[in-house]
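Everything in the sequence shown is counted per the numbering used here, starting at 793 for the first residue and increasing by one.
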Amino acid sequence: MAGYSKEMEEFLDTNSGLRSRLSRVIEFEDYTVEELCEIFGYDMKKRGYALNYDAEVLKARMVSESEKKDFGNARGVRNLCDKVIATHNNRINHMDIGSLDNETLITITDADLS
């Protein structure tokens, strides 16, 4: 069984026999904002993107995202990567085709993190 601490406690309370059968609990601490930013960078590079953004811009976005109720830690980072790629694609879509080059097509910038 795996889940968030509060929800797992509620689950275990639904049946008196569960707690005795599932007696071992391992809690994993949430990643720090800095670790989440590292995961973001790793994931984006793994997806083939180059990164050219201010680390503080990413950090601010990560703080904002991680404060949302359904963020989900590393899963939240993966979802953020998807959102940033969608923003990047939209930005590229609105550019003059003559100004596009390979670097522009694969580079994530501050504008994509907004």
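We put the beta carbon where it would ideally sit given N, CA and C, even for glycine.
Predicted, not measured: the structure shown is a model, and the values here were computed from it.
#1: Distance check for residue 797 and residue 819, CA to CA, integer angstroms please.
#2: Among 892, 821, 845 and 806, which one has its Cα closest to the Cα of residue 903?
#3: In terms of DSSP beta bridges, what is residue 900 paired with?
#4: Helix, strand or coil: which one does DSSP assign to residue 858?
#5: Out of 795, 860, 851 and 880, point me to the one whose CA is closest to residue 825's CA.
#6: Could you tell me the alpha carbon to alpha carbon distance between residue 841 and residue 799, rounded to whole angstroms?
#7: So, residue 831 versus residue 866, is the Cβ gap smaller than 7 angstroms?
#8: Give me the Cα-Cα distance between residue 878 and residue 847, rounded to the nearest whole angstrom.
#9: Which of the three DSSP states is assigned to residue 824 in this structure?
#10: So what does DSSP say about residue 876, is it helix, strand or coil?
#11: Determine the burial state of residue 892: buried for a count of at least 16 other Cβ atoms within 10 Å of its Cβ, exposed for fewer.
According to the structure shown:
#1: 8 angstroms
#2: 845
#3: 843
#4: helix
#5: 851
#6: 36 angstroms
#7: yes
#8: 20 angstroms
#9: coil
#10: helix
#11: exposed
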